[in-house]
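> Protein chains in written order, with our numbering: chain W, 1 to 200; chain Y, 201 to 400.
A virtual CB, placed ideally from N, CA and C, is assigned to each residue, including glycine.
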DNA sequence: GTCTATAGCTTGATAGAC
DNA sequence: GTCTATCAAGCTATAGAC
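(1) Roughly how many angstroms separate the alpha carbons of residue 315 of chain Y and residue 141 of chain W, rounded to a whole number?
(2) With a Cβ-Cβ cutoff of 8 Å, do residue 20 of chain W and residue 124 of chain W count as a contact?
(3) Cα separation between residue 282 of chain Y and residue 299 of chain Y?
(4) Using a 10 Å radius around the Cβ and a threshold of 16 neighbouring Cβ atoms, would you call residue 202 of chain Y buried or exposed?
(5) May I ask which residues mark the beginning and end of the alpha helix (DSSP H) holding residue 53 of chain W?
(6) Going by DSSP in three states, residue 199 of chain W sits in which element: helix, strand or coil?
(7) Checking contacts by CB at 8 Å: is residue 175 of chain W closer than that to chain Y?
(8) Could you tell me the alpha carbon to alpha carbon distance between residue 385 of chain Y and residue 161 of chain W, rounded to whole angstroms?
(9) Using the Cα positions of residue 239 of chain Y and residue 248 of chain Y, report the straight-line distance between them to the nearest angstrom.
(10) Taking only three categories from DSSP, how would you classify residue 227 of chain Y?
(11) Please check the pair residue 150 of chain W and residue 137 of chain W, which I expect to be a contact at CB under 8 Å, by giving their CB distance rounded to whole angstroms.
(12) Helix or strand or just coil, what does DSSP make of residue 351 of chain Y?
(13) Compute the beta-carbon to beta-carbon distance between residue 33 of chain W and residue 8 of chain W, rounded to the nearest angstrom, for a pair I have assumed lies under 8 Å.
(14) Any C-beta of chain W within less than 7 Å: which residues of the segment 306-336 of chain Y qualify?
(15) Report the neighbours of residue 102 of chain W on chain Y: residues whose CB is nearer than 7 Å to its CB, in chain order.
(16) Would you give the residue range spanned by the alpha helix (DSSP H) that residue 43 of chain W belongs to?
(17) Note down, in chain order, each residue of its chain lying with its Cβ closer than 6 Å to the Cβ of residue 18 of chain W, except the 5 sequence neighbours on either side.
(18) Cα-Cα, which of Y/357, Y/348 and Y/222 is closest to residue 292 of chain Y?
(19) I'd like the span of the alpha helix (DSSP H) that includes residue 311 of chain Y, first residue to last.
(20) For my contact list, residue 120 of chain W and residue 57 of chain W are in at a C-beta cut-off of 8 Å; report their separation, rounded to the angstrom.
(21) Quick one: residues in its chain with C-beta nearer than 6 Å to the C-beta of residue 44 of chain W, no 5 flanking neighbours on either side, listed in chain order?
(22) Assuming the contact rule is C-beta atoms closer than 8 Å, residue 211 of chain Y and residue 277 of chain Y should be a hit. Round their C-beta distance to whole Å, please.
(23) Using a Cβ-Cβ cut-off of 8 Å, state whether residue 98 of chain W counts as contacting chain Y.
(24) Compare the C-beta of residue 200 of chain W with all C-beta atoms of chain Y and state if any pair is closer than 8 Å.
(25) Can you list, in chain order, the residues of its chain whose CB lies under 8 Å from that of residue 87 of chain W, leaving out five sequence neighbours each side?
(26) Here's the rule I'm using: 16 or more other beta-carbon atoms within 10 Å means buried, otherwise exposed. How should residue 389 of chain Y be labelled?
(27) Under the rule that 16 or more other beta-carbon atoms within 10 Å means buried, what is residue 36 of chain W, buried or exposed?
(28) How about residue 155 of chain Y: is its C-beta nearer than 8 Å to some C-beta of chain W?
(29) For chain W, find out if any of its Cβ atoms is closer than 8 Å to the Cβ of residue 291 of chain Y; answer yes or no.
(30) Give me the Cα-Cα distance between residue 241 of chain Y and residue 231 of chain Y, rounded to the nearest whole angstrom.
(31) Would you say residue 370 of chain Y faces chain W, with C-beta separation under 8 Å as the test?
(32) If we define contact as Cβ-Cβ less than 8 Å, is residue 205 of chain Y a contact residue for chain W?
(33) For residue 264 of chain Y and chain W, any beta-carbon pair shorter than 8 Å?
(34) For residue 167 of chain W and residue 308 of chain Y, what's the separation of their Cα atoms in angstroms?
(35) Which same chain residues, not among the five before or five after residue 215 of chain Y, have their C-beta less than 8 Å away from its C-beta?
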C-alpha cells in the first residue's frame with residue numbers, strides 16, 4: 001500500500017492536468033485518491049493552495065525526469081530533442097490528448113490570480129530551464145546560448161501541447177519539433193551558428 | 201451607450217484572460233459588464249457555455265486583427281514578426297503580465313473537459329494559422345512552409361506568454377522571438393532554406 | 001428587454017467521534 | 001491518523017414582476 005500523502009498528491013497532479021486548478025474539487029481529489037476529506041487537511045493544513053503547491057512541484061520534477069530519460073536514451077542532444085517532440089506527440093495520441101504538460105494549465109490560471117502558486121510554477125520552469133542549460137553546455141553550446149535554447153525549446157513544446165490539444169492532432173507538434181531541432185543543429189554547427197548577423 | 205450584449209461578451213473575454221473559464225463566475229461577468237443576470241440568459245440562453253463560445257470567438261478575431269495591424273505596420277514579414285514579439289513583451293510588462301493570449305488559458309482548461317468549447321478554441325487557432333499562411337505566402341514562402349512556420353510562430357508566442365507570465369519577466373519572450381525571427385529569415389533566404397537536409 | 005430574488009447544487013473548509 | 005457530518009459561501013440557472 002502506497003503512502004496516503006503520496007496518493008493525494010498524485011491524484012491532484014492528474015486532475016490538475018485535465019481540469020486545472022479551479023476546475024478540480026477537493027472532494028474529487030479525495031475520491032480519486034481514496035482518502036477521506038479529513039486526511040487532505042491533515043497532510044495539507046494550508047488547504048487547496050498548499051496541496052496544489054506540492055502537486056505542482058512533484059509533477060514538475062516528475063516531468064523533468066521523464067524528459068531527461070528520453071534525452072539520456074538518445075545518442076546526442078539533437079536526436080534527444082527530436083525524440084522529446086516525437087514522444088510528446090505519441091503521449092498525446094495515446095491519452096486522447098490529455099497527457100501534456102502537467103503544470104501549464106494551472107500556471108496560466110494562477111498567473112494573475114494567486115501569486116503564491118505563480119511563484120511555484122515559475123520555480124518549476126526555472127528548474128527545467130536550468131536542466132536544459134546543463135544539457136546544452138554539455139553538448140557544446142555556450143552558457144548563454146544554452147539558456148536561450150532551453151527557453152525556446154520549452155516554450156515551443158508548451159505551445160505545441162496547446163495547439164495539439166485544441167485540434168486533437170499531433171501535426172502541430174511535428175512542425176514545431178522540426179523547427180526546434182533545426183535551430184539546435186544550426187547552433188551546434190561550427191560553420192554557421194544561428195543568430196549570427198542579427199540585424200535588429 | 202454601447203450594446204449590452206457586446207459589453208457582456210467583452211467583460212467575459214477580459215475575465216477569462218485573467219481567471220480562466222472555471223475561475224470566472226457569471227455573477228462576476230454581470231457585475232463587470234453592468235448587466236443583470238437576466239440579460240446574460242436573455243442573450244445567451246445556452247448559459248455559460250454559449251457565452252464562453254461567443255467570447256472566445258470574439259477575442260480570437262480581435263487578437264488576430266491586433267497582430268495583423270502590427271504586421272501591416274512593418275516594412276516586411278521578418279520585421280513584422282519581430283515586432284509582434286516585442287509588442288507582446290511590452291503588453292505583458294504594461295499590464296503586470298495579464299494581457300497575453302486571450303484564449304490559451306481557457307483552451308487548456310476545456311481541452312479534456314468540454315468538447316464544444318475545445319472545438320471553438322481549435323477554430324480560433326485554425327483562423328490564426330490560416331492568416332499566417334496567407335502572410336507567409338505573400339512574403340515568398342511555399343504554402344507548406346508558410347503553414348509550418350505559422351504553427352511554429354503561434355506555438356512559440358504561446359509558450360512565451362506562459363513562461364513570461366509565470367516568471368513575471370519578458371526575458372523569455374526576447375529569446376524566443378529571436379529564434380522565431382531567425383528561422384523565418386533563414387526560410388526566406390534563397391541560398392539556405394531551413395529544413396534542407398533533414399536527417400530524421 | 002430589464003431586473004430581483006431565489007432555487008438547487010457544489011465548493012472549500014471545519015468539528016468532533018473514533 | 002481516519003472518517004463522517006456539516007457549515008457558510010459560492011456557483012449556475014431559473015422564475016416572475018415590471
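Working from what's here:
(1) 43 Å
(2) The criterion of a C-beta distance shorter than 8 Å is not satisfied by residue 20 of chain W and residue 124 of chain W.
(3) 18 Å
(4) exposed
(5) 47-72
(6) Any reading at residue 199 of chain W must be qualified, since the residue scores a pLDDT of 44, below 50, and its modelled position is unreliable; the value itself is stated next. Three-state DSSP puts residue 199 of chain W in coil, outside helix and strand.
(7) Chain Y, which has a Cβ nearer than 8 Å to the Cβ of residue 175 of chain W, makes this yes.
(8) 25 Å
(9) 12 Å
(10) helix
(11) Not quite, the Cβ-Cβ distance comes to about 10 Å (not below 8 Å), so this is no contact.
(12) Under the three-state reduction of DSSP output, residue 351 of chain Y falls in the helix class.
(13) The pair is a contact, with the Cβ atoms about 5 Å apart (cut-off 8 Å).
(14) So the list reads 307, 308, 309, 311, 312, 313, 318, 321, 322 and 325, given in the order they occur along the chain.
(15) None at all; the shortest Cβ gap to chain Y is about 11 Å.
(16) Element bounds for residue 43 of chain W: 37-43.
(17) Excluding residues within five positions, the ones whose Cβ falls inside 6 Å are 98.
(18) Y/357
(19) From DSSP, residue 311 of chain Y is part of no alpha helix (DSSP H); its letter is neither H nor E.
(20) Correct: roughly 6 Å between the Cβ atoms.
(21) 50 and 51
(22) 35 Å between Cβ atoms; not a contact.
(23) yes
(24) Its pLDDT being 42, under 50, residue 200 of chain W is placed unreliably in this model, and the value from its coordinates should be taken loosely. Closer than 8 Å to some Cβ of chain Y, the Cβ of residue 200 of chain W qualifies, so yes.
(25) The beta carbon of residue 87 of chain W sits closer than 8 Å to those of 70, all from its chain and outside the five residues before and after it, given in chain order.
(26) exposed
(27) exposed
(28) This structure gives no information on residue 155 of chain Y, because the portion of chain Y shown stretches from 201 to 400.
(29) no
(30) 14 Å
(31) Judged by the 8 Å Cβ criterion, residue 370 of chain Y is not in contact with chain W.
(32) Closer than 8 Å: no.
(33) Judged by the 8 Å Cβ criterion, residue 264 of chain Y is not in contact with chain W.
(34) Answer to the nearest angstrom: the Cα atoms are 11 Å apart.
(35) Result list for residue 215 of chain Y: 224, 228, 229 and 232, in chain order.
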